[in-house]
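Student: According to numbering that gives the first Met the number 0, the sequence shown holds residues 0 to 256 in order.
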Amino acid sequence: MMNRDREDIEKVLKYFENETEYIIQLLHHSAKLNNEEMFMYIFEKYKHTITDNKIYILINSIFKDNNLKMAQFIFKNFENEISPLDIWKMYKKTLANQWVVEEIESSDDGLDWEKKLTNDERDFFSNVLAFFVASCGIINKNLNRFMSKVQIPEAKCFYNYQIHIKYLHSETYSLLIETCIKDKNIKDKLFNAIETIPCVKKKAEWALKWINESFEKRLVALVAFESIFFSGSFRIISLLKKRSLMQGLTFSNELIN
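1. Would you report the Cα separation of residue 161 and residue 207, rounded to the nearest angstrom?
2. Any idea what DSSP makes of residue 149, helix, strand or coil?
3. Report yes if the CB atom of residue 127 is closer than 8 Å to the CB atom of residue 192, and no otherwise.
4. Going by CA-CA distance only, name the one from 220, 145, 121 that's closest to residue 182.
5. Is the closest heavy atom of the ligand FAD to the C-beta of residue 221 under 7 Å?
6. Leaving out five residues before and five after residue 252 in sequence, what residues of the same chain have Cβ atoms less than 7 Å from its Cβ?
7. Shortest alpha-carbon distance to residue 129 belongs to which of 187, 227, 209, 226?
8. Any chance the stretch 100–119 sits against the stretch 220–234, with 3 or more Cβ pairs inside 8 Å?
9. If distances are taken between C-alpha atoms only, which option among 220, 172, 184 comes closest to residue 135?
10. Mapping DSSP to helix, strand and coil, what is residue 113?
11. Taking three-plus beta-carbon pairs below 8 Å as touching, is the stretch 193–204 in contact with the stretch 106–120?
12. Near residue 85, what residues of its chain come up, given a Cβ to Cβ distance below 7 Å and the 5 sequence neighbours on each side ignored?
13. Can you list, in chain order, the residues of its chain whose CB lies under 6 Å from that of residue 254, leaving out five sequence neighbours each side?
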């Protein structure tokens, strides 16, 4: 970058030295032009004026333009403050808790289901498993929408892993239905619960009505959906363990909850 360019930038910036939005625009503009020298100069000189939140927005916009080098430069300068690093740490922590369906021993669940549960209990837990299977698809639909909007790589890693985990949960619940339910018509009903079971349909409709809302509203709705709708079912499943019933279901409940 020529001295004259620096002088021109200085003339403009002296009027906007405390205007974060303007500095953000200049940084984004220089990144789009791939003018690395200008970007580095402006960032180093005025980074003290940019709040953590604005840095996050700036990195997000630069990643959208696929300018990884400049975005990584910002990461390096704010490695102790910036939130994506916390996301990465949480992602790595979550990876350490990986498990596979084959860890779940459910061979005796079918016998417990037939011999030790009442008709009402079988009906109840059938609906619970059906809701769990249906909800995994809804949650993944939402996670895919989040991932299409968020450009921070650490967050994308986390969303991808969450999607993988939801498929794992869906496989687990589906196998439990296959193990416990022998009647094909009942199984078909449970695997199509959004259309066939009124209580599951209502929950699904509530979750899906937020699918086209703003990022913030969808985030709150997803938290409510997972925290409120799931918590009661998780708790009741855990009570089966006290009765030494449904070892596969109760163990999977501990892994997933």
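We put the beta carbon where it would ideally sit given N, CA and C, even for glycine.
Computed from a predicted model, the values in this text were never measured in an experiment.
Tutor: So, to answer that:
1. 18 Å
2. coil
3. no
4. 121
5. As far as ligands go, the structure on display features none, and thus does not contain the ligand FAD.
6. 233, 236, 237
7. Checking every option, the nearest Cα to that of residue 129 belongs to 187.
8. no
9. 172
10. helix
11. no
12. none
13. 98
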